[in-house]
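Residue numbers (this note's numbering): 1 to 387.
Note that beta-carbon positions come from the ideal geometry of N, C-alpha and C, so glycine has one too.
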């Protein structure tokens with residue numbers, strides 16, 4: 001006997017009573033069937049509802065040949081009556097995301113003659129795949145129109161047309177359908193075959209925000225948020241932007257220009273720093289001219305500065321130059337020994353001091369998870385081993 005699907009007759013129903021028809025031990029708990037249920041099973045890209053049956057937690061819901069199977073944490077008495085409580089916040093979130101996806105997909109497919117070929121309602125975001133390339137500007141236009149549909153707040157229409165009526169209907173579907181088809185329509189936006197739960201009016205979606213549009217196979221993949229998720233996301237972005245505005249002494253609508261100005265100043269400062277470093281490096285190279293093997297200990301510097309200093313000194317010292325830059329238990333290094341094979345030395349250095357890095361042609365660069373004393377002890381031992 002097929003389960004009576006209360007979520008279709010009233011998607012806002014979150015409490016109900018039902019009779020327990022079966023309860024069997026299964027992977028993850030117990031598989032329970034009821035004569036009727038408000039728990040929506042996973043399907044069509046929409047996750048299953050969660051909640052409570054009696055005192056047992058409902059952790060998953062699936063449909064098998066018209067029968068809804070609930071996975072619960074503890075057994076329920078067969079033949080008894082049980083009260084079910086659907087996690088309403090989760091259910092309404094799923095309806096907002098799924099209905100929002102229908103609205104924007106219907107608009108995109110109508111505007112740009114594409115097909116929705118993939119839909120995933122994730123825990124954080126919704127992703128939708130289309131088989132036509134689209135620009136960011138085109139997607140934003142669809143977003144604008146989608147929100148206009150939401151604000152118009154028309155009632156959602158759900159119908160079960162006869163085969164003859166269905167053949168005359170222009171509707172979206174990812175595959176050929178047989179049997180009774182459920183058609184979900186959002187006026188001025190979409191008409192689509194769908195088995196999911198939806199809001200009653202478009203306005204209940206609240207808001208649609210597109211986060212990204214990326215090239216995917218022969219088309220694009222959109223990442224969107226709807227309703228409460230969109231509000232939470234935009235509120236978090238606003239708080240971040242407000243902090244940036246305060247830090248840069250800019251208006252919230254002018255943070256991009258303020259950040260661009262700071263990046264320009266940073267670039268200029270880096271150029272001046274690099275010029276000063278070159279002067280210092282040239283001076284150090286002159287100081288160690290003809291000194292043979294040289295080991296330099298420096299304050300923390302950027303990896304490229306460590307390399308440039310090592311290169312400058314190696315050109316004048318006439319031997320192997322090693323530069324160690326850092327503090328505490330973390331040092332970056334650069335080693336240059338023209339004409340010598342230092343691969344075994346670097347391998348031993350990394351092995352002994354939890355290092356990472358390497359190189360070729362007498363040059364190596366990397367980092368060590370060790371302090372100066374440990375590095376000096378290794379170098380002293382290496383000197384002894386070489387006689």
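Query raised in the report: Is the region 20-27 touching the region 45-52, taking contact as three or more C-beta pairs under 8 Å?
Result: no
Requested in this report: Count the C-beta pairs between the region 30-38 and the region 62-79 that are closer than 8 Å, then say yes if the count reaches three, no if not.
Outcome: yes
Query raised in the report: With 16 other CB atoms within 10 Å as the buried threshold, where does residue 113 fall?
Result: exposed
Query raised in the report: Would the beta-carbon of residue 223 fall within 8 Å of that of residue 211?
Result: yes
Query raised in the report: When you compare each of 165, 193, 144, 238 to residue 208 by their alpha carbons, which one comes out closest?
Result: 144
Report task. Quickly, what does DSSP pair residue 116 with across the bridge? List them, please. Result -> 130
Requested in this report: For my contact list, residue 323 and residue 298 are in at a C-beta cut-off of 8 Å; report their separation, rounded to the angstrom.
Outcome: 6 Å
**Report entry** Under the three-state DSSP convention, the category residue 218 falls into
**Finding:** coil
Report task. Please check the pair residue 355 and residue 317, which I expect to be a contact at CB under 8 Å, by giving their CB distance rounded to whole angstroms. Result -> That belief does not hold up - the Cβ atoms of residue 355 and residue 317 are roughly 23 Å apart, past 8 Å.
Query raised in the report: Rounded to the nearest angstrom, how far is the Cβ of residue 105 from that of residue 128, given a contact under 8 Å?
Result: 6 Å
Query raised in the report: Going by the CB atoms, is the gap between residue 365 and residue 199 shorter than 8 Å?
Result: no
Requested in this report: Over the uninterrupted alpha helix (DSSP H) stretch that includes residue 316, give me the two end residues.
Outcome: 303-317
Query - Burial state of residue 102 (16 or more Cβ within 10 Å) - result: buried
Query - Sub-8 Å separation of residue 382 and residue 345 beta-carbons - result: yes
Requested in this report: Can you have a look at residue 160 and say buried or exposed, based on whether 16 or more other CB atoms are within 10 angstroms of its CB?
Outcome: exposed
Report task. For residue 254, I'd like the list of residues in its chain whose CB is within less than 7 Å of its CB, leaving aside the five on either flank, ordered along the chain. Result -> none
Report task. Taking only the alpha-carbon atoms, compute the straight-line gap between residue 227 and residue 123 and give it to the nearest angstrom. Result -> 14 Å
Query raised in the report: In terms of alpha-carbon separation, which member of 289, 132, 327, 125 lies closest to residue 46?
Result: 125
Query raised in the report: Under a Cβ-count criterion, where at least 16 other Cβ atoms within 10 Å of its own Cβ denotes burial, should residue 134 be classed as buried or exposed?
Result: buried
Query raised in the report: In three-state DSSP terms, what is residue 12?
Result: coil
Query raised in the report: What number of angstroms, rounded off, separates the C-alpha of residue 170 from the C-alpha of residue 258?
Result: 50 Å
Query raised in the report: Given that a residue counts as buried once 16 or more other Cβ atoms are within 10 Å of its Cβ, and exposed if not, what is residue 387?
Result: Here residue 387 scores only 46 on pLDDT, less than 50, and its place in the model should not be relied on; the value that follows carries that caveat. By the neighbour-count rule (16 or more Cβ atoms within 10 Å), residue 387 is not buried but exposed.
Query - Option nearest residue 181 by Cα separation, candidates 190, 5, 189, 165 - result: 165
Query raised in the report: Taking the alpha-carbon positions, what's the residue 306 to residue 334 distance?
Result: 6 Å
Query raised in the report: Which residue from 325, 336, 247 puts its Cα closest to that of residue 313?
Result: 336
Query - Spatial neighbours of residue 7 in its chain, beta-carbon cut-off 6 Å, leaving aside the 5 residues before and after - result: 38, 40, 197
Query raised in the report: Below 8 Å between beta carbons: does that hold for residue 173 and residue 202?
Result: no
Query - Rounded separation between residue 1 and residue 62 - CA only - result: 15 Å
Query - DSSP three-state assignment for residue 322, whether helix, strand or coil - result: strand
Query raised in the report: Where does residue 197 fall in DSSP's three states?
Result: coil
Query raised in the report: Does the Cβ-Cβ distance between residue 281 and residue 302 come in under 8 Å?
Result: no
Query raised in the report: Where do the N-terminal and C-terminal ends of the alpha helix (DSSP H) with residue 138 fall, by residue?
Result: 136-152
Query raised in the report: Any idea which residues DSSP pairs residue 208 with across the strands?
Result: 226
Report task. Within the same chain, show all residues whose beta-carbon is closer than 6 Å to that of residue 28, passing over the 5 residues directly before and after it, in chain order. Result -> 71
Query raised in the report: Under the three-state reduction of DSSP, which class applies to residue 42: helix, strand or coil?
Result: coil
Query raised in the report: Helix, strand or coil for residue 250 per DSSP?
Result: coil
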